[in-house]
Structure formats: structure tokens, C-alpha cells
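In short: position in the sequence shown from 1, add 1, done, that's the working numbering.
In what follows, a structure is listed as C-alpha cells, so that the remarks can point back to it.
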Amino acid sequence: MNRNTVKLSISTLALLGCLTQTPTGLLYAKEKKTEKKAEKGKDKEKDSTDTKENNYADLIKKGTYTKGLFNVIQVKTDVYFEIPDSLLNRQFLLVNKLSQVPLEINDAGANKGMNYENKLITFHKDTLANKIWVKTETPRVSSPKEDAITRSVTDNFIESVLEVFDIETQNPDSTATVIKVNKVFDGNQKSFNDVLSGLSLPTSIKTNLSYIEGIKTFPENIVVKSMMTTTVNEGSGDVPVSMGVTTNIVILSKEPMQPRIADKRVGFFTEKHWYFSDAQHKMDEKEFITKWRMEPKEEDIERYLRGELVEPKKPIVYYIDPATPPQWRDKIIAGVHDWQVAFEQAGFKNAILAKEPTAEDKDFDVDDVRYSVITYAASPKSNAMGPSVIDPRSGEIIESDIIWWHNVMTSVHSWMRIQTGPIDAKARANKFSDDHMGDAIRFVSSHEVGHTFGLKHNMGASFAFPVDSLRSKTFTDQMGGTAPSIMDYARYNYVAQPEDKVTAITPQIGLYDKYAIEWGYRWYPTQEEEKKSLRKMIEDHQDDPMYFYGEQQSYLNIVDPRSQSEDLGNDAMKASEYGLKNLKIVVDNIIPWTYDQGEDYYEAGKLYMGAIGQWQMYNQHVLSNIGGVYLDHAVYGNNKKAYQPVPYETQKRAVEYLSKHVLTIPNWLFFNDINEKTYSLKDSPVGPYEYSPYSLARELQYTAIYHMLMDERLLRLLEGEALQTQTQGEKVYTVQELFNQLRSEIFAPTKKGKSLSILERMTQKNYVDALIIDVNKLFEKTNKKGLILEQSLQMPTLCRVSLNDDQLRNINYTVMKRVSEVTSYKKGELFAIQKLVSKKAKSGDAATRAHYADLANRINQALGI
């Protein structure tokens, strides 16, 4: 304050006559004025409170009032949440699921029960703006509260504003705030529920055709059901598409579950997490496994630690969808209960239960996240999946759903018929007995339930069994099926021969499964003890192939041939040879096994295509050994090699198998009496699609040759050759040996000057064309997808556990392909073939000579000669 201001203040007070003469009068006047002002404020506040109370009372009077996590007021079509102040800033999980779908969505593979979008949210009250802000975050980061860096963590990983609501009113004692929530559930806003993006539909919600269907509130969650409508254009105009969607708002525990840190040698799904602290020299990144919170009761801890079996505080309970056909319910329940033995190894009895909902479950709803449900989906799709709802703060599974497509039985029927028909008469008919199909349903149930415990596919488990042991009744009875893990895709025993009398042909819970559940679920009183015990558990089993974990790989590019889908045993060539013996029995019996008086040969054509697909699958299993690399997780102390080329003899035998069974097209499979009645066929949107035998044989052989000569495969061979000095003198298979073996087989009749059959000419053209295309592609600017030719008739596969399935770790073999030796080898091979066919240009019959002229011309054009 400056001097002039002071003078003005004193002068003003003097004029009022109350500075020195009547100080008490001044005070009295000020007090009176203040009291009047306060009374006026109280009156105003009272009016405001009365208004709020009136608004609140009016809402209650007009609508229905339901108590729960948030009390819900519904006035006609308007929905209000009453949010207690005690739940402000608490963390909730938004969980969105499909609950009803039309044919168009069903046909695209999206069905009731599928979870398509989850978000972590918090509610914040802003009294100044009279708003409730909803914020969201990805809780991937943590740091010690007392560390200085926590200030930076707080600022660099803030919540984002997801939505805002006007405060409509408050309850009478002002301990809860009322907001109107229609806009986030009726399609007007996508903040809480973005079903179209979740399903990758490039369209928008028609808000005038969308609405809230119903709402239920419970102590720990709220369930809101809506009908969302959009339109899609299929070329002939807009088609309306309505979807029933359910949004759950679930309160998360104040204290997250103690996370369990992942180890890549045990296959669990994971959630990434970043740790910051003052003491670090770099950020620490870890992964939490996804698992249920399973703990002993307080009174049972001592018994548990002594090794006694105890019941958990909270068991995992699965409910059977009432829409499930009655004859399958007990089998599905049995598939769940099969896992009891695994949890007993972790110290818990009665840890998992499956049941049909009863009258006691009066609030049961398949879309309510309080219930883990095995949902039965009426759909033409043949699949099953086992996704889970995860607390992202810790990896805790708070609910799981198995989506069971009705037509999954078509896949199971095809596997069993082709893979076990030769050794099991029950597996030969167009329709199995309910008992036989029920046994298969039990296996699929067990596999999918395994995913809901957090387990990933273990595609390497089947490699633990010696191939010949799969022909032993004693071994298979003792070990239980086809692999040490039901989480492998080791479907059925196609190795066992009819004379072996093997009966344990269905996958079962195995040694690896029990070990993985114990590793993930055994309870420890301290983190230090947990860390030490889990490491020891892995170290105790690291050299036993029964406990090997092999990651899932893309079927288009298998790197480690031990970890393949649908394979059996530790020797793909031997297993496939046995498989072909059984497959010949299937092909010889396609007509009698599918016979149905008065019906056409549709079933025969389908079975025939399945048999060809099985042949192709064997080819893939063998092919993956060429240029294959055994991948192990090497850590200090376990003396394992991280990258080890497949042994020389194994790769050489793989080429010999393919020469015998692919480069020489099997007449018994493609050219037989079946073609007098039907071609092989597959279902398509326009009806059954028939494949002529010569065209199909040409395409499938070409696919095999193309994949055999893939740049990345040859680069892996070159990598092995370059690293030969580190293999302690072990012989490695080379690119040149591969080309020598292939050329020797494919051009053997040419070297002898013989006339070529149509199939021999086909094989030579396929080989040359694959080389030419690959050489040309090396100099084209194109993406990797553009280089892939795929004609796959393989057996159907299960299952998706999420929209992003797990895959093998990334290993780069493809940098600078153009200047690699691959180009030189491929061009050199073309030169060698050109020289040979030019030399033999006048050998053989007219068709053979024309064929040689054509090959020479193609090669000359490709090489610019």
C-alpha cells in the first residue's frame, strides 16, 4: 500500500465520524452488518439445500430406487447414479460384453459372452464446476511413496479425462451425489462403451435406434444392458444391425493382489509393469502373470504350510449356461473338475467348482461379472475360447468366461474321425454317439478352462514323448494321452497303429499342467520366500523334457519345430510316416464310413478334404525342421543354449520325407476311386466348394515348395553355417545341400533322359517358379504379407483366448536380404537347372521337350539372359 492510499483511507474513516469518537459504535455496526450478511447467506444456503432436497425427493417420488454399489434411480427412461462420497477416487473396472447379436455379427464370429473392451476408471467430484469427472488410466507404473522420483512418476503418468457429468442433486445429508448417466449407455457417447471399435466395425451408432434396456445394482457391481443399433452397407444398401451389450462397473479391491512375477520358462499370460525408484540406474520392467487370488483361510495357514490340503478362502466357481444342451453339461463340468488334481498339487482342495445355476442363484446373469460362465453360443462357427477379465494393477483374474460355439463339435468330429478312425471303430460314423462326443467335449472343456487359469498354449509339450512310446498301450495308459500338457494342441493319437491296441488316445491333464498350476498358485507367506521357491521349482525341472514350455508360433513361419500345433512326439518324420499309414486306411474307407442310403456324397467329400488336410499338416510338421532352430530360455547357471540349429541328420531326413511324399505326389491320396463319386470339398458362403484333384495337388505342392525356399528359412540355414565354429565341430545342414537334395530328386528322370509324366512336369514347374518368384521378390518394394502364398487345408484349430493370441518372441533373420547369400544360391540353382534342361532339350517325348523349352525360356527371362 502506498502513502496516498493510506491518506485516503484515514480521511474516509474521519468523514464517517467513527474513527476516534465512537469506536464501539463502529464495531457494533460492523457486527450487525456481518450478522445480516450471515443470515442472508444461511437463508441462501437453506434455499439451495431445500432445492436440492426437493430435487432429490422429486426424483425418488417419480421413479424407482434401488440400493447397491451406486444406488440407482430410474425415472421412466432416465437413469441416475447416486455415488457415495466414500467411493470417489476409488478404482473401478468397466467391463463390456456382447449379450445379444444378429446373424450378421454372429456370422462374422462375434457371439454372446465375448468381452470386447475394459477400462479402469475413477470418479472425481468438482464442487466448483458442479461436475463429476470420470478419469481413466493404465496402471502400469509404480514407485516407492517416499522416493523423490515419485513426484515425476505422478506427473508423467497422469489419469486422462474420459467423461464428465453434471451434478443433478445430492442426497439429503450431502454424502452422495446424483448424476444422470443415459448418454454413456444409450450410444450418445462412446466413452464407457465403444462396441463398434471393439468389433472393428467402421460405422457409427444410430442413437435414435439405441436405448438402455435394463439396469441392476449389487454391492460390488452394476450391470447395465443396452441395445445398440448401427447400419452396415453390404453393397445392396444399408442393413440394420442391432447388438445387445452389457456394461459392468466393478469396484476393485483397495489393496491389489500381490502380483507374481512371470518367468518365460512357464507359460502364463502376463500384464506388463514398470518400476521406478531413486536407487535405480535404469527403469525396471517386469511382467505379472494373470491368476486368480487364491489364499488359504487365516485359520488354515499353519496346516497349509505343513503340506496339508486346505480349502481356499474363495474357490473358483464356473456356472454352466442354461442354454447348454443337457447331454453336454456333465461332460463340461467334468472337464472343469479335471483340474482339481493340479490345484491339489498347489496345496488346495475343492479349489475349482462347476455347477448349473439353481434357484439359490436368484441374481444369476451370464453377463454379470460376479459369475464366471461357460457360455454356449448358437453359431455356425467352429471354435471355443477362454478369455478372462483382469485387474490390470496386479494381474488378478476377477472373472473368466469360456465361449463355447455349438459347431465346435464339427472340428472335434473331424479330428477324431481322421486321427483315430483307424484304431477306434467308435470314431468312424457320420455322427458319433453322445457318449463318444461327450468324451471329446470334456477334453475341449479342460483345455479352455486351462486358459481361464492364466495358462497359455504349451506347443512344446508333445515333443517330450518318444514317437514309438505313443504306440505303447502301457506308456499311454500311464502317461495319460498324447502329451504332458492338455494346453498343447496334441489332439488325438494318430501315431498308434491298429495292432497296438492303444486306448488312451485323448489328451488329459499332464505333468506340465500340474507343475504350472503349482508354480502359479502355491501360496507363500512372504515375497522373498515366493521368489526363492519359484526359482527352485523351475531349476529342479529345467532338464526334464516333461516340463518344457514351448511358445506358440505363427504357422506361416515356424522357427522351433519342437513347438508346433497338432504334432505328436519328438520326431516329426517318424510320427508322420505312422500317420500316413493310418491315413491310407481312412482314404480306403471314406465311402463306407460315410455311407448313408439315399444321400449324396457330401459327407464323403468333406472327409476326403479332411484327409488331404491331414497330409498337408504332416508336411508342415516335417518342413519346419528345415532351417529350424531350437530356442531355449538361457539364464545364468542353467547351461542352456539359447539358439541351436536342428541337427544335420534331422534336417536331411526332413528333406527326404518331403521328397518321398510331397515332391512325388501320392496317387493313393489324390487320384483314386473316390473321384468317381466326389471331389474333395470345403464349405463356403456360396455352398460346398469342390477341388479337382490335379489342381489341388498342384497348389498344395507349390505351397510346400514355396515355404521350403522361403528367404527366412534359408537365412536361418546361412546363420547356422556362419556360426558353425561355435557348434564344436558339429556338422550343419547348408543351403547348398538343400538345393542339391531337391534338384537330385526333382530332376532325376531328366538326368536319365526319360519322358516325364504330367505330375513330374508339374513338380519341376512348381520348383522353378518358386525360385523365380523369390528372386524377383528380393528386388521389389513390398511388405512381408505380400510375399506369402498360402493355400491351407489344414485341420481346424482351437482356440482364441483373446483378440490377440500369444506368439513366439521376435527374432530377426531378415535384415538386408538383397545382399545376403540367398540371392546367389537361388540364382545359382536356376543356372544349374537351365544348364541341365538345355542339355536334355531333345530328350523324351514331345510333351517333355516342350516342357524343357518352356523352363529354359522362363529361367532366361528371369535371369535376363
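Virtual Cβ for every residue (Gly too), placed ideally from N, Cα, C.
Keep in mind it's a predicted model, so treat the numbers as computed, not measured.
Proximity below 8 Å, CB of residue i to CB of residue j
i           : j           : result
residue 112 : residue 380 : yes
residue 1   : residue 468 : Shown here, the chain extends from 2 to 866; a query on residue 1 therefore has no answer.
residue 408 : residue 597 : no
residue 269 : residue 455 : yes
residue 60  : residue 170 : yes
residue 882 : residue 612 : Examination of residue 882 is not possible in this model, given that the chain is present from 2 through 866 alone.
residue 837 : residue 735 : no
residue 227 : residue 212 : yes
residue 399 : residue 370 : yes
residue 303 : residue 393 : no
residue 142 : residue 275 : yes
residue 919 : residue 421 : Residue 919 lies beyond the range of the chain shown here (2 to 866); nothing can be said about it.
residue 97  : residue 194 : yes
residue 224 : residue 322 : no
residue 591 : residue 675 : yes
Separation of residue j from residue i, as counted between CA atoms
i           : j           : result
residue 205 : residue 95  : 21 Å
residue 538 : residue 131 : 56 Å
residue 318 : residue 215 : 26 Å
residue 241 : residue 376 : 26 Å
residue 733 : residue 775 : 24 Å
residue 822 : residue 719 : 8 Å
residue 647 : residue 545 : 19 Å
residue 827 : residue 737 : 10 Å
residue 867 : residue 320 : Only positions 2 to 866 of the chain appear in the structure, and residue 867 is not among them; the question remains open.
residue 6   : residue 74  : Annotation note: pLDDT 35 at residue 6 (below 50); position unreliable, coordinate value reported separately. Straight-line Cα distance between these residues: approximately 58 Å.
residue 188 : residue 441 : 42 Å
residue 861 : residue 624 : 29 Å
residue 104 : residue 233 : 13 Å
residue 877 : residue 354 : Shown here, the chain extends from 2 to 866; a query on residue 877 therefore has no answer.
residue 202 : residue 249 : 22 Å
residue 852 : residue 762 : 7 Å
residue 863 : residue 773 : 6 Å
residue 855 : residue 747 : 16 Å
residue 165 : residue 115 : 28 Å
residue 552 : residue 396 : 20 Å
residue 670 : residue 758 : 17 Å
residue 146 : residue 279 : 11 Å
residue 673 : residue 606 : 13 Å
residue 656 : residue 743 : 8 Å
residue 382 : residue 689 : 16 Å
residue 707 : residue 768 : 8 Å
residue 46  : residue 69  : Residue placement at residue 46 is poorly supported in this model, since its pLDDT is 47, which falls under 50; the coordinates are not used for a value here.
residue 474 : residue 550 : 26 Å
residue 633 : residue 513 : 17 Å
residue 534 : residue 516 : 13 Å
residue 610 : residue 694 : 10 Å
residue 753 : residue 264 : 57 Å
residue 435 : residue 217 : 39 Å
Integer-rounded CB distance, given that residue j should sit under 8 Å from residue i
i           : j           : result
residue 246 : residue 99  : 6 Å
residue 756 : residue 849 : 5 Å
residue 163 : residue 139 : Between residue 139 and residue 163 the Cβ distance is about 12 Å, and since that is not below 8 Å, they are no contact.
residue 229 : residue 251 : The Cβ separation is near 21 Å, so there is no contact.
residue 336 : residue 310 : No, residue 336 and residue 310 are not in contact; Cβ-Cβ is about 22 Å, not under 8 Å.
residue 620 : residue 584 : About 12 Å; that fails the 8 Å criterion.
Discussion item. Counting beta carbon pairs with one atom in the segment 623-630 and one in the segment 704-716, are three or more of them shorter than 8 Å?
Written reply: Enough Cβ pairs lie closer than 8 Å, so yes.
Discussion item. Can you confirm whether the segment 453-467 touches the segment 551-570 when touching is taken to mean that 3 or more C-beta pairs between the two stretches lie within less than 8 Å?
Written reply: Counting Cβ pairs under 8 Å, three or more are found: they touch.
Practice prompt. Kindly provide the ranges of any beta strand (DSSP E) runs that are 3 or more residues long and lie completely inside the segment 664-697, ordered along the chain.
Written response: Correct list: 681-683, 690-692.
Fill in: Sufficient close CB pairs (3 or more, under 8 Å) joining the segment 381-397 to the segment 434-452
Yes: the two stretches touch, three or more of their Cβ pairs being nearer than 8 Å.
Worksheet item: Would you say the segment 299-314 touches the segment 395-406, given that touching needs at least three Cβ pairs under 8 Å?
Response: Under the 8 Å Cβ criterion, the segment 299-314 does not count as touching the segment 395-406, having fewer than three qualifying pairs.
Practice prompt. Please confirm if the segment 660-670 is in contact with the segment 697-711, defined as three or more CB-CB distances below 8 Å between the two stretches.
Written response: Short answer: they touch.
Worksheet item: Using 8 Å as the Cβ pair cut-off and three pairs as the minimum, do the segment 649-656 and the segment 634-641 touch?
Response: Contact between the segment 649-656 and the segment 634-641 is absent: fewer than three C-beta pairs spanning the two stretches fall below 8 Å.
Worksheet entry | Unbroken stretches of the alpha helix (DSSP H), 4 residues or longer, contained in the segment 552-590 | Runs of the alpha helix (DSSP H) lying entirely within the segment 552-590, each at least 4 residues long, are 573-589 in chain order.
Item to complete: Say whether the segment 413-422 touches the segment 283-295, bearing in mind that this needs 3 or more beta-carbon pairs closer than 8 Å, one atom from each stretch.
Response: With a cut-off of 8 Å, the segment 283-295 and the segment 413-422 do not count as touching, because too few Cβ pairs lie within range.
Item to complete: Please list the segments of the alpha helix (DSSP H) lying wholly inside the segment 196-252, counting only runs of 4 or more residues, in order along the chain.
Response: Within the segment 196-252, the runs of alpha helix (DSSP H) at least 4 residues long that lie entirely inside it are, in chain order, 196-199.
Item to complete: Let me know the alpha helix (DSSP H) ranges lying completely inside the segment 484-564, each 4 residues or longer, listed in chain order.
Response: The alpha helix (DSSP H) runs of length 4 or more contained entirely in the segment 484-564 are, from start to end of the chain, 512-522, 528-542.
Practice prompt. Counting only runs of 4+ residues fully inside the segment 321-405, write out the alpha helix (DSSP H) ranges in chain order.
Written response: Considered as a whole, the segment 321-405 harbours 327-338, 341-346 as its complete alpha helix (DSSP H) runs of no fewer than 4 residues, in chain order.
Practice prompt. Run through the segment 595-644 for me and flag every whole alpha helix (DSSP H) of 4 or more residues, listed as ranges in chain order.
Written response: Given a length threshold of 4 residues, each whole run of the alpha helix (DSSP H) inside the segment 595-644 is given here in chain order: 603-624.
Worksheet item: What are the start and end residues of each continuous beta strand (DSSP E) run of 3 or more residues lying completely inside the segment 52-85, in chain order?
Response: Listed in chain order, they are 65-67, 72-76, 79-85.
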